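Those protein sequences? They're chains A and B, same order as listed. FYI, the numbering for the first sequence is 1 to 324, going by my numbering. FYI, the numbering for the second sequence is 1001 to 1327, going by my numbering.
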Amino acid sequence: MKISYREAMREAMREALATDPRVFLMGEDVGRYGGSYAVSKGFLEEFGPERIRDTPLSELAFVGAGIGAALGGMRPIVEVMTVNFSLLALDQIVNSAAALRHMSGGQFSVPLVIRMTTGAGRQLAAQHSHSLENWYAHVPGIRVLAPATIADARGMLAPALADPDPVIIFEHAQLYNMEDELRNDWQCDIGTARVRREGSQVSLITYGGSLPKTMQAATELAEAGISAEVVDLRVLRPLDSETIIASVQKTRRAVVVDEGWRSGSLAAEISARIMEQAFYELDAPVERVCSEEVPIPYAKHLEEAALPQVFKIVSAAKAVMGKS
Amino acid sequence: MNEVSLDREFALSLLTDMLRIRRMEEKSAELYGAGKIRGFLHLYIGEEACAVGVLHAMAEEDNIVATYREHGHALVRGISMKAIMAEMFGKKEGCSGGRGGSMHLFDAKSRFYGGNAIVGGGLPLAMGLGLADKLQNISRVTICFFGEGAMAEGVFHETMNLAALWRLPVLFCCENNLYAMGTALSRSESQTDLCAKAAAFNVPTLSVDGMDVTAVYETAKLAAEQVRSGHGPYFLEVRTYRFRAHSMFDPDLYRDKTEIEDWKKRGPIHSFSQRLKAQGMLNEEGFLALDARVGEEVSAAVDYAEAGSWEPVEDLLQDVVSPEANP
């Protein structure tokens, strides 16, 4: 049966709430409104206001409360409406959640899950279109996930809740309506990258909302006679270097696709790791397809021009193949 | 509240704890000068009656969230002076394994959720601890210490609003020492009545003279009882003064020397020991004997810290994440 990414995420949360009394959900409009992206629709009626908690617009306070509740024995899921607003809570995430375990000499861990949407593509302009996954992936002490498939939307939450340390889950807003078959083997780890399409001539390495575009690019490349392998990072911290390097050693070429801005991006980190660990096996310099270095504009044609697109990925892959 | 008759043993325990903080910190300052303690060192000298009065009013199962000026709170809460001193030395035997230092004392056993070096950073965390207790029907108070400087932070307002809205069992204890580092309250707040600020969120408030340890104790006890009985958060202002500079780097140029001297005349240890003497509970000999015992504890703590070990560098990356974390 086909289900949407939104439904997969909802099912994962419903299961967690139904099976673990320590789990509760809090965030802006998660209850009566049903979730700003309708992920928690129906939960208030099903689980009640003690466990589905609408918060005021106080990102710093309710994320911090999530940290405290996790320390106090609960397993909170905190929904921050979007990554853009999570900047208001950065202090608690970076200075408390990520650091507590180490700076307490291992006495306190923070089993907190923070979910937030990310990404552009809906003409929401500069303040609602950020992809700042790399900001969080920069910080030791937190695990950062980017489910890009229906199975990962269904499967990643349970291991995230079982993790004794803070986990941030990025849900790309463009993925919510994506539908696919949910096969029985959706249960998954939260430590490894996956090869989503096998290929032999170039590795296309990506995550989150860029995965469907990258898969489409691989299809077009195949039509042009180029065999592209697609690696879905899934986990942005800690990065699964092994899978990335194994793919590049096989194909000898790499294009990294990342909706973040190029400078200081995850794509830069991955490119550096390839250089460090597979330099002599490369047949061409690593290419990057990232967002243009501009606040994401409103006008549709400008927004499209600012973001990674299928044709840009195809063209970058051809370039590393020495074809144009 | 000065006239309330006191149990002698209890009174002496208050005095002893204030003296333990004072002597430990005087020694810390000396060791800072000697290069044994580094980083930031924020002394609590002058403010001892706050931690001692408030924490003596709390129950063993209560949670404590403190600030970066938390040596006293940690000590009164039951973390050994040895473990605190070793932490300030950066030794493995320290209460945070040498990873935290002066500003990040932690102890799971006594539910001491740290020294937090971000002004206001402990406020929402304390609220979350209260939320966890409420959701689990645990009758416990979380006490959150912060300075008046934190009340200019947005997180104070967000936290007071949410804690009051959800009626969470948190005692918010503002240690008002009148200066946020070097900036006087009146130079940073349009409303200097701190209780009025808290009251704006429908939180009940009390303000107490932080130089009077028994007044602090009685007031904190009253507030904690309200919180414990399910009436939601409470705001307690403890009016105090720090006798030393903000940190060891602070030349202390922003206060009048006469202001400091005036406050020192009301010093919490001096005034309380005078009072006990007047009431016949203590004589000078007794005070000196007590002070000598505290001095021995300080010496033993320093020896312990000196003899402590450095964590092997190979362990640097331990406890960034849990060892049992999914790979």
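Beta carbons: idealized from backbone N, C-alpha and C, even for Gly. Source: prediction; values computed, not measured.
For residue i, go through chain A and note every residue whose CB falls closer than 8 Å to its CB, in chain order.
| i | result |
| --- | --- |
| residue 1099(B) | 102, 103, 104 and 105 |
| residue 1131(B) | 65, 68, 69, 72 and 74 |
| residue 1104(B) | 103 and 104 |
| residue 1096(B) | 103, 104, 105 and 107 |
Name, please, each residue of chain A whose Cβ falls closer than 9 Å to the Cβ of residue i.
| i | result |
| --- | --- |
| residue 1118(B) | 91, 92, 95 and 96 |
| residue 1121(B) | 64, 91, 92, 95 and 96 |
| residue 1110(B) | Near residue 1110(B) there are no residues of chain A at all, since even the closest Cβ is about 11 Å away, more than 9 Å. |
Answer with buried or exposed for residue i, where buried requires no fewer than 16 other C-beta atoms within 10 angstroms of its C-beta.
| i | result |
| --- | --- |
| residue 1246(B) | buried |
| residue 271(A) | buried |
| residue 279(A) | exposed |
| residue 1060(B) | exposed |
| residue 1176(B) | buried |
| residue 1001(B) | Bear in mind that a pLDDT of 45 at residue 1001(B), under 50, signals an unreliable position, so the number given afterwards is only what the model happens to contain. Classification of residue 1001(B): exposed, given that the 10 Å Cβ count is below 16. |
| residue 92(A) | buried |
| residue 1249(B) | exposed |
| residue 259(A) | buried |
| residue 1116(B) | buried |
| residue 145(A) | buried |
| residue 2(A) | exposed |
| residue 1264(B) | exposed |
| residue 1283(B) | exposed |
| residue 1231(B) | exposed |
| residue 1170(B) | buried |
| residue 184(A) | exposed |
| residue 1190(B) | exposed |
| residue 1256(B) | exposed |
| residue 1037(B) | buried |
With 9 Å as the threshold, decide whether the Cβ of residue i is near any Cβ in chain B.
| i | result |
| --- | --- |
| residue 109(A) | yes |
| residue 141(A) | yes |
| residue 73(A) | yes |
| residue 53(A) | yes |
| residue 163(A) | yes |
List, in chain order, every chain B residue whose beta-carbon is nearer than 7 Å to that of residue i.
| i | result |
| --- | --- |
| residue 50(A) | 1135 |
| residue 62(A) | 1162 |
| residue 24(A) | 1135 |
Answer yes or no: does any C-beta atom of chain A fall closer than 9 Å to that of residue i?
| i | result |
| --- | --- |
| residue 1310(B) | no |
| residue 1326(B) | Interpretation of residue 1326(B) is limited by its pLDDT of 48, a score under 50 that renders its predicted location unreliable; the figure taken from the coordinates is listed afterwards. Yes - at least one Cβ of chain A is within 9 Å of the one on residue 1326(B). |
| residue 1319(B) | yes |
| residue 1068(B) | no |
| residue 1044(B) | no |
| residue 1127(B) | yes |
| residue 1182(B) | no |
| residue 1107(B) | yes |
| residue 1113(B) | yes |
| residue 972(B) | A query on residue 972(B) cannot be resolved here, the shown segment of chain B reaching from 1001 to 1327 and no further. |
| residue 1165(B) | yes |
| residue 1322(B) | yes |
| residue 1016(B) | no |
| residue 1313(B) | no |
| residue 1214(B) | no |
Could you work out which residues of chain B lie near residue i, taking near to mean beta carbons separated by less than 8 Å?
| i | result |
| --- | --- |
| residue 13(A) | What residue 13(A) touches in chain B: nothing, since even the nearest Cβ is about 17 Å away. |
| residue 147(A) | Under the 8 Å cutoff, chain B gives no residues; its nearest Cβ is about 15 Å from residue 147(A). |
Below 9 Å between beta carbons: does that hold for residue i and residue j?
| i | j | result |
| --- | --- | --- |
| residue 178(A) | residue 4(A) | yes |
| residue 1162(B) | residue 49(A) | no |
| residue 1294(B) | residue 1016(B) | yes |
| residue 1302(B) | residue 1109(B) | no |
| residue 119(A) | residue 174(A) | yes |
| residue 1045(B) | residue 1021(B) | yes |
| residue 1024(B) | residue 1103(B) | no |
| residue 1310(B) | residue 1082(B) | no |
| residue 1135(B) | residue 24(A) | yes |
| residue 27(A) | residue 43(A) | no |
| residue 132(A) | residue 86(A) | yes |
| residue 240(A) | residue 191(A) | yes |
Taking residue i as the query, report the chain B residues whose CB atoms sit under 9 Å from its CB, ordered along the chain.
| i | result |
| --- | --- |
| residue 58(A) | 1124, 1154, 1155, 1157, 1158, 1159, 1161 and 1162 |
Just the chain A side, please: which residues come within less than 7 Å of residue i by C-beta, in chain order?
| i | result |
| --- | --- |
| residue 1304(B) | The premise fails here: residue 1304(B) is roughly 16 Å from chain A at the closest Cβ pair, so nothing lies under 7 Å. |
Tell me whether residue i counts as near the ligand ATP, meaning its Cβ is closer than 8 Å to at least one heavy atom of that ligand.
| i | result |
| --- | --- |
| residue 187(A) | For the ligand ATP, the structure offers nothing, since it holds no ligand at all. |
Alpha helix (DSSP H) segments (min. 4 residues) lying fully within the region 1018-1093 of chain B: Taken in chain order, the whole alpha helix (DSSP H) runs of length 4 or more contained in the region 1018-1093 of chain B are 1048-1056, 1071-1077 and 1081-1089.
Going along the chain, which unbroken runs of the alpha helix (DSSP H) with 4 or more residues stay wholly within the region 1234-1319 of chain B? 1257-1265, 1268-1278 and 1284-1307
Which runs of the beta strand (DSSP E) fall wholly inside the region 1131-1189 of chain B and span at least 3 residues, in chain order? Positions of the beta strand (DSSP E) runs, each at least 3 residues long and wholly inside the region 1131-1189 of chain B, are given as 1142-1147 and 1170-1176 in order along the chain.
With a floor of 3 residues, list each beta strand (DSSP E) that falls wholly inside the region 14-45 of chain A, ordered by position along the chain. 23-27
What are the uninterrupted segments assigned as beta strand (DSSP E) that are 3 or more residues long and contained completely in the region 213-255 of chain A, given in chain order? Listed in chain order, the complete beta strand (DSSP E) runs (minimum 3 residues) inside the region 213-255 of chain A are 228-232 and 235-237.
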